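Chemist: Below is the structure I would like to discuss, written out as structure tokens.
Here it is as structure tokens:
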């Protein structure tokens, strides 16, 4: 085993690189009406109709997810670029169709809150897409059959603390989306409908209709894989679930065609495994 | 960054080479288990790690979430690799010294909620919201990831489970004969 070699984030970078630029002068509300599959594959940002800026954002997200720059530097780089091309919040990009003047900080492409929101959302989506897709392999689905939706990032004002009816906390939203709580934990199989329901904009106005994290802007919540033994202990899955199919995989790895394995070969393999377990016990 | 782990499992896996037709699958399981362990550990530790932001009354920048999301894995038949390249983990292995990039002579450290997470250069903020230093020295902080012992224990547990799964599959096969 090697725990020393830092890897390039191939899957993450691939995810970022695969995003198609989609310059647009539309606002967030209009963008939310686009089909989810188009939004998923597109690199866009409300009221951003400059392809060169989108390309700059893509490169900045890549540097940020690669750990080369922090958020403060990402913001500064985007602001420097916007200044260099003459972006003005009142009129937009020179040479591009005018957009209505920015009335809020979030409509101003050059504001820190706006840039942070865009960089963070795109970076999280790229990392999450890579992580979640790696968790869908045959072995992974058996060893880690579930995800837990949990807090990953601290917030000064967590969701649900406003006391407003339209601001349910995550546990309430989870249950209303069809999820089950296990000892208070939001855990579900990786193929459970709750993962789509959590970000369904038809039910939740802030939903991003995303099959990866984040499910809403600015959330500190995300998914982490849960080991099979924990899923069984909590009653999320049965002990026998998926065992026959997993047997086929394991026996195939050991014998090629298990039907052709003789009793002698099976017994020998069994003894070798017992010896390996004994060696493992000695090494532990 | 990189971190070392006393590796006591590889010799055992080497001895099992003839037994395990698909060593890559075991490496994959090890990598995934340790990745989950590290993510879980950092997420559980996160509430204790926002002292600077809270002391200033600022919102955390999300730096730590990026670190959690950035723990990746890879495995093949030769090795299992956990990658934690986010700058948050730099202090796991050693002290970290931070210097300004030339031609700058000072680092600007935010000292207010307003300036927290915002670089002075290019911002409209007054320099009075920053403290200026020539360098920052940060001590090694091994506690940013699970200990070697805990990671080793997770690796052993995973390999043990993998071996038992195969044994049980063989036992069920024998019952059909």
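Protein chains in written order, with our numbering: chain A, 1 to 284; chain B, 285 to 461.
C-beta: ideal position from N, C-alpha, C; glycine also.
Remember, it's a predicted structure, so these values are computed and weren't measured experimentally.
(1) Compare the C-beta of residue 280 of chain A against all C-beta atoms of chain B and say whether one is closer than 7 Å.
(2) For a test of the three-state rule: what should DSSP assign to residue 393 of chain B, helix, strand or coil?
(3) By how many angstroms is the C-alpha of residue 398 of chain B removed from the C-alpha of residue 113 of chain A?
(4) If distances are taken between C-alpha atoms only, which option among A:101, A:181 and A:124 comes closest to residue 219 of chain A?
(5) Just how far apart, CA to CA, sit residue 153 of chain A and residue 73 of chain A?
(6) Under a three-way DSSP split, which group does residue 59 of chain A fall into?
(7) For residue 339 of chain B, which residues in chain A fall below 9 Å Cβ to Cβ?
(8) Once DSSP output is grouped into helix, strand and coil, what is the label at residue 181 of chain A?
(9) Kindly list, in the order they appear in chain A, the residues whose Cβ is closer than 8 Å to that of residue 370 of chain B.
(10) What residue range is occupied by the uninterrupted beta strand (DSSP E) comprising residue 88 of chain A?
(11) Can a CB atom of chain B be found closer than 7 Å to the CB of residue 260 of chain A?
(12) Under 9 Å Cβ-Cβ, which residues of chain B neighbour residue 75 of chain A?
(13) What did DSSP end up calling residue 247 of chain A once you bin it into helix, strand or coil?
(14) Express the C-alpha separation of residue 414 of chain B and residue 426 of chain B in angstroms, rounding to a whole number.
(15) For residue 424 of chain B, which three-state DSSP category applies?
(16) Given a threshold of 16 other Cβ atoms within 10 Å of its Cβ, counted over all protein chains shown, does residue 344 of chain B qualify as buried or as exposed?
(17) From A:77, A:69, A:241 and A:276, pick the residue whose C-alpha is nearest to that of residue 55 of chain A; which is it?
(18) Based on DSSP bridge pairs, tell me the residues matched to residue 188 of chain A.
(19) Taking DSSP as the reference, what is the three-state secondary structure of residue 71 of chain A?
(20) State yes or no: is the beta carbon of residue 153 of chain A nearer than 7 Å to at least one beta carbon in chain B?
(21) Just to confirm the assignment, what range does the alpha helix (DSSP H) spanning residue 272 of chain A have?
(22) On the three-state DSSP scale, how would you describe residue 324 of chain B?
(23) Less than 7 Å between CB atoms is the rule here; does residue 225 of chain A satisfy it with respect to chain B?
(24) Let me check understanding here. Comparing Cα to Cα, which of A:149, A:236 and A:158 lies closest to residue 195 of chain A?
(25) From the DSSP output, which residues share a beta bridge with residue 224 of chain A?
(26) Residue 326 of chain B and residue 352 of chain B look like a contact to me (Cβ under 8 Å); what is the Cβ gap, rounded to whole Å?
(27) Could you name the residues of chain A that residue 306 of chain B contacts, counting a contact when the two beta carbons are closer than 7 Å?
(28) Tell me whether residue 383 of chain B sits in a helix, a strand or coil according to DSSP, three-state version.
(29) Do we get a CB-CB distance below 7 Å when we pair residue 312 of chain B with the residues of chain A?
(30) Taking the alpha carbon of residue 311 of chain B as the point to measure from, which residue in B:458, B:454, B:442 and B:453 has its own alpha carbon closest?
Modeler: To lay it out plainly:
(1) For this step, residue 280 of chain A is matched to residue 280 along the first chain. Residue 280 of chain A counts as touching chain B.
(2) Stepping through the second chain from its first residue, residue 393 of chain B is reached at position 109. Of the three classes helix, strand and coil, the one that applies to residue 393 of chain B here is strand, per DSSP.
(3) Within the first chain, numbered from 1, the residue matching residue 113 of chain A stands at position 113. Within the second chain, numbered from 1, the residue matching residue 398 of chain B stands at position 114. Straight through space, the alpha carbons of residue 398 of chain B and residue 113 of chain A are spaced by roughly 12 Å.
(4) Reading the first chain from its first residue, position 219 is the one you call residue 219 of chain A. Residue 219 of chain A has its Cα closest to that of A:124, out of A:101, A:181 and A:124.
(5) Counted from its first residue, the first chain places residue 153 of chain A at position 153. Counted from its first residue, the first chain places residue 73 of chain A at position 73. Taking the straight line joining both Cα atoms gives about 20 Å.
(6) The residue you call residue 59 of chain A lines up with position 59 of the first chain. It is helical.
(7) As a first step, residue 339 of chain B must be located in the second chain, where it is residue number 55. Within 9 Å Cβ-Cβ: nothing; residue 339 of chain B doesn't reach chain A, min ~13 Å.
(8) Here residue 181 of chain A corresponds to residue number 181 of the first chain, with the count starting at 1. It is a strand residue.
(9) Taking the second chain and counting its residues from 1, one reaches residue 370 of chain B at position 86. At a beta-carbon threshold of 8 Å, the residues of chain A lying near residue 370 of chain B are 67, ordered along the chain.
(10) One-based indexing of the first chain puts residue 88 of chain A at position 88. No beta strand (DSSP E) holds residue 88 of chain A; DSSP gives it neither H nor E.
(11) As a first step, residue 260 of chain A must be located in the first chain, where it is residue number 260. No, no contact with chain B.
(12) For the purposes of this step, residue 75 of chain A is taken as the residue at position 75 of the first chain. In chain order: 401, 402, 403, 406 and 407.
(13) In the first chain, counting from the first residue as 1, residue 247 of chain A sits at position 247. Look at residue 247 of chain A here: in three-state DSSP terms it is helix.
(14) Position 142 of the second chain holds residue 426 of chain B. Position 130 of the second chain holds residue 414 of chain B. Cα to Cα, the separation comes out at about 29 Å.
(15) Locating residue 424 of chain B in the second chain gives position 140, where the first residue counts as 1. Residue 424 of chain B: coil per DSSP, three-state reduction.
(16) Along the second chain, one-based indexing puts residue 344 of chain B at 60. Classification for residue 344 of chain B: buried.
(17) Within the first chain, residue 55 of chain A is the residue found at index 55, counting from 1. Checked all of A:77, A:69, A:241 and A:276; the closest Cα to residue 55 of chain A is A:77.
(18) Translated into the one-based positions of the first chain, residue 188 of chain A becomes position 188. Beta-bridge annotation (DSSP): residue 188 of chain A is paired with A:147.
(19) In the first chain, residue 71 of chain A corresponds to position 71, counting from 1. Helix, per DSSP.
(20) Here residue 153 of chain A refers to the residue found at position 153 of the first chain. Yes, its Cβ sits closer than 7 Å to a Cβ of chain B.
(21) In the first chain, the residue the question calls residue 272 of chain A occupies position 272. It spans 263-283 - the alpha helix (DSSP H) in which residue 272 of chain A sits, taken as one unbroken run.
(22) Along the second chain, read from residue 1 onward, the residue named residue 324 of chain B stands at position 40. Correct three-state label for residue 324 of chain B: helix.
(23) The count along the first chain starts at 1 and reaches residue 225 of chain A at position 225. Yes, residue 225 of chain A lies at the interface with chain B (some Cβ there is under 7 Å from its Cβ).
(24) Here residue 195 of chain A refers to the residue found at position 195 of the first chain. Looking at the Cα atoms, A:149 is the closest of the given residues.
(25) By one-based count along the first chain, residue 224 of chain A stands at place 224. In the DSSP output, where bridge partners are listed per residue, residue 224 of chain A has A:148.
(26) As a working note, residue 326 of chain B is residue 42 in the second chain. As a working note, residue 352 of chain B is residue 68 in the second chain. Correct: roughly 5 Å between the Cβ atoms.
(27) Residue mapping note: residue 306 of chain B aligns to position 22 of the second chain, counting from 1. Ordered by position in chain A, the residues that pass the 7 Å Cβ test against residue 306 of chain B are 253.
(28) In the second chain, residue 383 of chain B corresponds to position 99, counting from 1. For residue 383 of chain B, the three-state secondary structure derived from DSSP is coil.
(29) Here residue 312 of chain B refers to the residue found at position 28 when the second chain is read from its first residue. At a cut-off of 7 Å between beta-carbon atoms, residue 312 of chain B makes contact with chain A.
(30) Sequence index remark: in the second chain, residue 311 of chain B carries index 27 (1-based). If we check each option's Cα against that of residue 311 of chain B, B:442 comes out closest.
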